[in-house]
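Here the structure is laid out as structure tokens; the discussion comes afterwards.
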Amino acid sequence: MATAAPLQATAAHNLSQSARTEAAYHANESADDTYIPRGDTVVTLNYFRPPEDGSVPFNFVEKQPEGQPQRNFGDFDVQVPITDIRGRESEYTLDKDAFAVVSGVPESAERDFVDDESIKKNYYPEVEKLLLDHVPGSNKIFLFDHTIRRSTPGAPRAPVTRVHIDQTKKSSTWRVNLHLPEEAEKLLQGRYRIINVWRPLNGPVQANPLGFASSSTLKDEDLIPIEHRYPHRTGETAGIRYNDSQKWHYLSGMKNDERLFLECFDSEASKDGSNVLGGRVPHTAFQDPRTPANAVGRESIEVRALVFGP
Ligand code: OGA
Ligand code: FE
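When the count follows my numbering, it moves up by one through the sequence shown with no breaks and lands on 312 for the last residue.
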């Protein structure tokens with residue numbers, strides 16, 4: 003009996019880091035609905051599975067034509083380790099990882115983030131300036147789109163739990179021609195990138211955070227173009243074939259004054275002889291098993307930008 007206490011202490015001391023995190027969470031669970039999961043962990047991500055018959059993958063953005071499936075590819079869940087980059091944000095760069103974090107951004111002139119025209123008037127100029135200030139070499143920005151996501155049931159757009167990249171070279175080039183037809187020929191001779199500027203609207207993020215894999219760990223052959231079929235045109239996104247070379251990250255408890263740059267395309271990255279490894283960042287929302295049951299669902303906005311410059 004006399005030895006029981008020291009033995010227990012030794013056992014507790016030997017618990018693995020993840021078991022201790024788990025134990026700390028369960029101690030917290032009933033007491034604290036505001037608990038924010040932090041640190042490295044293992045999560046389940048939903049990956050692309052190519053069509054079995056080898057055909058070109060497609061999905062219909064709106065209702066599919068009679069007799070056609072909504073999409074011809076599948077998906078599957080994979081458990082992956084994910085690293086919390088909090089405290090080490092500056093180690094990650096657009097040219098190496100295709101993601102970057104900017105902290106301490108002043109509060110936006112936009113208060114509500116419900117009206118699209120108001121968002122364009124108040125928030126877009128701030129995003130433009132942020133990109134010019136923080137993307138090395140950038141000298142011209144065109145913001146072409148934004149999406150607000152809410153986790154509440156029935157919200158028009160929810161977090162996306164599917165590993166993907168928004169654009170490919172084809173759709174990025176198409177965007178430049180669409181939005182800047184007069185200058186496109188000249189702009190396409192220089193460096194052009196697509197960068198999403200992502201932020202939470204109700205941070206710190208407690209549930210449904212965003213995960214992103216370093217572009218430097220993504221092999222070209224694992225990037226699979228998907229035809230994104232609208233009624234009147236076909237765009238192109240990318241699905242990612244699972245490979246354990248892909249290294250996943252997240253920024254725990256992301257705050258309203260933090261911005262995540264997600265670089266979906268960089269014309270430099272696909273050039274022979276270029277040292278740029280960035281330019282295509284796989285990303286997805288994920289459920290963290292440590293999130294308390296009554297956690298507040300994440301709300302966010304991403305603004306999509308064409309970024310030009312050497
Ligand atoms: C994006 C994106 C998903 C999400 O910003 O491009 O895919 O859940 N976001 O916020
Ligand atoms: Fe995306």
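We put the CB at the ideal spot given by N, CA and C, even for glycine.
In this text the structure is predicted, and so the values were computed from the model without any measurement.
{"Check": "Quick one: is H148 buried, meaning 16 or more other Cβ sit within 10 Å of its Cβ, or exposed?", "Outcome": "buried"}
{"Check": "Going residue by residue through the stretch 168-251, where are the continuous beta strand (DSSP E) segments of at least 3 residues, counting only ones entirely within it?", "Outcome": "194-202, 212-215, 225-231 and 236-242"}
{"Check": "Can you grab the Cα-Cα spacing for the pair Y126 / V305, in whole Å?", "Outcome": "8 Å"}
{"Check": "How is P312 classed by DSSP in three states: helix, strand or coil?", "Outcome": "coil"}
{"Check": "In chain order, what residues of the same chain have a beta carbon less than 6 Å from the beta carbon of T170, not counting five sequence neighbours either side?", "Outcome": "P227, E238 and A240"}
{"Check": "Below 7 Å, is the gap between the Cβ of R193 and the nearest heavy atom of ligand 1?", "Outcome": "no"}
{"Check": "For G213, which residues from the same chain have a beta carbon less than 8 Å from its beta carbon, with the 5 sequence-adjacent residues on both sides left out?", "Outcome": "V45, L47, I84, W250, H251, Y252, H285, T286, A287 and F288"}
{"Check": "Quick one: does the C-beta of E302 sit closer than 7 Å to a heavy atom of ligand 1?", "Outcome": "Reading off the sequence shown, one finds Ser at residue 302, where the question assumed Glu. Yes, the Cβ of S302 comes within 7 Å of a heavy atom of ligand 1."}
{"Check": "By Cβ distance, which residues of its chain are closer than 6 Å to T236, with the 5 residues on each side in sequence left out?", "Outcome": "E229"}
{"Check": "Using CA atoms only, rank isn't needed, just tell me which of G311, A307, I303 and P312 is closest to D118.", "Outcome": "I303"}
{"Check": "Based on Cα-Cα distance, which residue from A186, D222 and V199 lies nearest to D274?", "Outcome": "D222"}
{"Check": "Take the Cβ of G281 as the centre, count every other Cβ of all protein chains shown within 10 Å, and call the residue buried at 16 or more, exposed below.", "Outcome": "buried"}
{"Check": "Short check: CB of D42 to CB of A297, under 8 Å?", "Outcome": "no"}
{"Check": "So if DSSP puts P83 in a beta bridge, which residue, or which two residues, is it bridged to?", "Outcome": "V44"}
{"Check": "Would the beta-carbon of H166 be found less than 7 Å away from any heavy atom of ligand 2?", "Outcome": "yes"}
{"Check": "Please go through the same chain and pick out, in chain order, the residues whose beta-carbon is closer than 7 Å to the beta-carbon of A295, but skip the five residues on each side of it.", "Outcome": "none"}
{"Check": "For ligand 2, any of its heavy atoms closer than 7 Å to the Cβ of H285?", "Outcome": "yes"}
{"Check": "Tell me which same chain residues have a C-beta within less than 6 Å of the C-beta of E301, skipping the five on either side of it?", "Outcome": "R152, L203 and N204"}
{"Check": "With a CB to CB cut of under 6 Å and the five nearest residues on each side skipped, what residues in its chain are close to Q208?", "Outcome": "I38, A297 and V298"}
{"Check": "Please determine, among S140, L96, E130 and V58, the residue with the shortest C-alpha to C-alpha distance to S110.", "Outcome": "E130"}
{"Check": "Is D99 closer than 8 Å to S218 when the C-beta atoms are compared?", "Outcome": "yes"}
{"Check": "In or out: E265 buried (at least 16 other Cβ within 10 Å) or exposed?", "Outcome": "buried"}
{"Check": "Would a C-beta distance cut-off of 8 Å place A271 and L262 closer than the cut-off?", "Outcome": "no"}
{"Check": "Measuring only from the beta carbon, is N198 closer than 7 Å to any heavy atom that is part of ligand 1?", "Outcome": "yes"}
{"Check": "Hey, Y244 and V63: beta-carbon distance below 8 Å or not?", "Outcome": "no"}
{"Check": "Find the nearest neighbour of G1 within the set P59, P312 and V283, judged by alpha-carbon distance.", "Outcome": "For the chain, the structure presents residues 3 to 312; residue 1 sits outside this window and is missing."}
{"Check": "According to DSSP, is Y126 part of a helix, a strand, or is it coil?", "Outcome": "helix"}
{"Check": "Compute the Euclidean distance between the alpha carbons of V80 and K188, then round it to the nearest angstrom.", "Outcome": "43 Å"}
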